[in-house]
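Novice:
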Amino acid sequence: MNTFKQFQVNNEPAFHTSIVDKEFPELTNNEVWVKIAYSDVNYKDALACSENGQVIRTYPMTPGIDFSGVVMKSLDKRFQPGDQVLATGYGIGVSQPGGYSDYQKIPGDWLVPLPETMTLRQAMVLGTAGLTAALCVNALLSQGMKADDHVVVTGASGGVGSVAIAMLHKMGFKKITAFSRKEEAQTWLQKLGATQVVHPEAFLPEKSKPLDKQQVDYVIDTVGGELLTRLLPLIAYDGAAAVCGNAGGIKLTTTVLPFILRNIQLIGIDSVNVPHEKRLNIWQQLADLSVTDHLVVNEITLEQLEETTKKILEGTHQGRTLVTVGETV
Numbered sequence: 002m003n004t005f006k007q008f009q010v011n012n013e014p015a016f017h018t019s020i021v022d023k024e025f026p027e028l029t030n031n032e033v034w035v036k037i038a039y040s041d042v043n044y045k046d047a048l049a050c051s052e053n054g055q056v057i058r059t060y061p062m063t064p065g066i067d068f069s070g071v072v073m074k075s076l077d078k079r080f081q082p083g084d085q086v087l088a089t090g091y092g093i094g095v096s097q098p099g100g101y102s103d104y105q106k107i108p109g110d111w112l113v114p115l116p117e118t119m120t121l122r123q124a125m126v127l128g129t130a131g132l133t134a135a136l137c138v139n140a141l142l143s144q145g146m147k148a149d150d151h152v153v154v155t156g157a158s159g160g161v162g163s164v165a166i167a168m169l170h171k172m173g174f175k176k177i178t179a180f181s182r183k184e185e186a187q188t189w190l191q192k193l194g195a196t197q198v199v200h201p202e203a204f205l206p207e208k209s210k211p212l213d214k215q216q217v218d219y220v221i222d223t224v225g226g227e228l229l230t231r232l233l234p235l236i237a238y239d240g241a242a243a244v245c246g247n248a249g250g251i252k253l254t255t256t257v258l259p260f261i262l263r264n265i266q267l268i269g270i271d272s273v274n275v276p277h278e279k280r281l282n283i284w285q286q287l288a289d290l291s292v293t294d295h296l297v298v299n300e301i302t303l304e305q306l307e308e309t310t311k312k313i314l315e316g317t318h319q320g321r322t323l324v325t326v327g328e329t330v
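Residue numbers (our numbering): 2 to 330.
As structure tokens, this is what we get:
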């Protein structure tokens, strides 16, 4: 076999997507060939598959910021043929060809050995969404968050939000408020562990003030923009918000009052350049918690990617989407 299938986005002669045949390039330095079993679809992938997404650096490019699979060939002594691995972040799917491919060449430094108690499928049910959710939860735990605190999770029906709720529930949190505008998501979010599912407008004050009644101890925010602006004045003394998304916009209009009068913390969460040792610990944590059981998982093939990414950008998508690339290993 001299070629393999790969999903690509291209901007010549006009922006388009296609599935193409690619030849196997040679490995150099500490690179590894991985036979991909699964990838997934994140908001960033949806942007990569759209003409105005502004995340792709050069064209043509194969999106897919996550993948799991089996090592086929390796120039990195840490990995041997047959090893099960996963990869997320770095430049994958943006400046380096990503997971929407039968095979992928990747630096060994970017690979994480699959935890023993996790399957390749489970790894991609979680993907960057799971990694990000864990980073948010751990950041708030380091700020003093406890199981009896009131935690609000915005964008709850999305990948990061739903995994965060599942994690908090597994950790014994008893007061988790899920923000969702989708009535059809209420039942499964409660099954995940949300103690209440509310429309943001039903929870937030009609008029935002620099400081308002303290209603929330901690926030995991996947939306940004106006929603985060209106939540900050409600966070109680010594509370914090972990911020990881901007689907609601990149602008934040606030004052210093919540920070200097209530001592709250605003913590930015990046999942792209997480140090390797930290990745290892988080993936083991996710494996130990086993949070994939009740997540809503949509399963698609490479041929269905375009339809799925449109739904994500339109805001009509729920849960996680697993992309079955190769044979289940």
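Glycine is no exception: its CB is placed at the ideal position from the N, C-alpha and C atoms.
Just so we're clear, the structure is a prediction, and the values are computed from it rather than from any experiment.
1) Out of curiosity, what's the CA-to-CA distance linking Val113 and Met119?
2) What's the gap between the Cα of Ile261 and the Cα of Arg321?
3) Going by CA-CA distance only, name the one from Ile301, Asn274, Leu212 and Ile251 that's closest to Leu258.
4) Below 6 Å CB to CB, which residues in the same chain sit around His295 once its five sequence neighbours on both sides are set aside?
5) Is it right to say Leu233 is buried, meaning 16 or more other beta carbons lie within 10 angstroms of its own, or is it exposed?
6) Using only CA atoms, which one of Asn43, Tyr91 and Gly99 lies nearest to Gln7?
7) Just to confirm my understanding: we take Gln187, look at its own chain, exclude 5 residues before and 5 after, and list those with CB closer than 6 Å. What are they?
8) Alpha carbon to alpha carbon, what distance is there between Glu207 and Tyr39?
9) My guess is that Asp235 and Gln216 are in contact by the Cβ rule of under 8 Å, so how many angstroms apart are they, rounded?
10) Give the straight-line distance between the Cα atoms of Ala88 and Tyr101, rounded to the nearest whole angstrom.
11) Tell me, please, which residues DSSP counts as bridged to Thr322.
12) Strictly by DSSP, which residues pair up with Glu207?
13) Which same chain residues, not among the five before or five after Arg263, have their C-beta less than 8 Å away from its C-beta?
14) Can you find the residues in the same chain that come closer than 7 Å, C-beta to C-beta, to His200, ignoring five residues on each side of it along the sequence?
15) Would you mind reading off the limits of the alpha helix (DSSP H) that contains Lys175?
16) Would a C-beta distance cut-off of 8 Å place Ser75 and Gly109 closer than the cut-off?
17) Buried or exposed for Thr129, going by 16 or more other Cβ atoms inside 10 Å?
18) Can you give the Cα-Cα distance for Val244 and Asn3, rounded to whole angstroms?
19) Report buried or exposed for Thr178, applying the criterion of at least 16 other Cβ atoms within 10 angstroms of its Cβ.
20) So what's Gly269 in DSSP terms, helix, strand or just coil?
21) What's the gap between the Cα of Thr133 and the Cα of Ala165?
22) Select from Ile251, Ala242, Gly162 and Val152 the residue whose C-alpha is nearest the C-alpha of Gly173.
23) Once DSSP output is grouped into helix, strand and coil, what is the label at Thr254?
24) With DSSP collapsed to three states, give me the class of Thr329.
25) So which of Ile57, Ile107, Gly94 and Val56 has the shortest CA-CA distance to Val71?
26) Around the Cβ of His318, are there at least 16 other Cβ atoms within 10 angstroms (buried) or fewer (exposed)?
27) Excluding sequence positions up to five away, which residues of its chain have a Cβ less than 7 Å from the Cβ of Thr255?
28) Using beta-carbon positions only, say whether Thr223 and Gly162 come within less than 8 Å of one another.
29) Beta strand (DSSP E) containing Thr18: first to last residue?
Specialist: Once the coordinates are examined:
1) 12 Å
2) 38 Å
3) Leu212
4) Lys192 and Leu193
5) buried
6) Gly99
7) Val198
8) 44 Å
9) Rather than Asp, the amino acid found at residue 235 in this sequence is Leu. With 8 Å as the limit, Leu235 and Gln216 qualify as a contact, their Cβ atoms being about 5 Å apart.
10) 13 Å
11) Asn299
12) Glu207 pairs with nothing; no bridge assigned.
13) Leu212, Gln215, Ile236, Ala237, Tyr238, Asp239 and Gly240
14) Arg182
15) Lys175 -> no alpha helix (DSSP H), and no H or E assigned at all.
16) yes
17) buried
18) 44 Å
19) buried
20) strand
21) 9 Å
22) Val152
23) coil
24) Residue confidence for Thr329 is low, a pLDDT of 48 falling below 50, so the modelled location carries little weight and cannot support an answer.
25) Ile107
26) buried
27) Thr230 and Leu233
28) yes
29) His17 to Glu24
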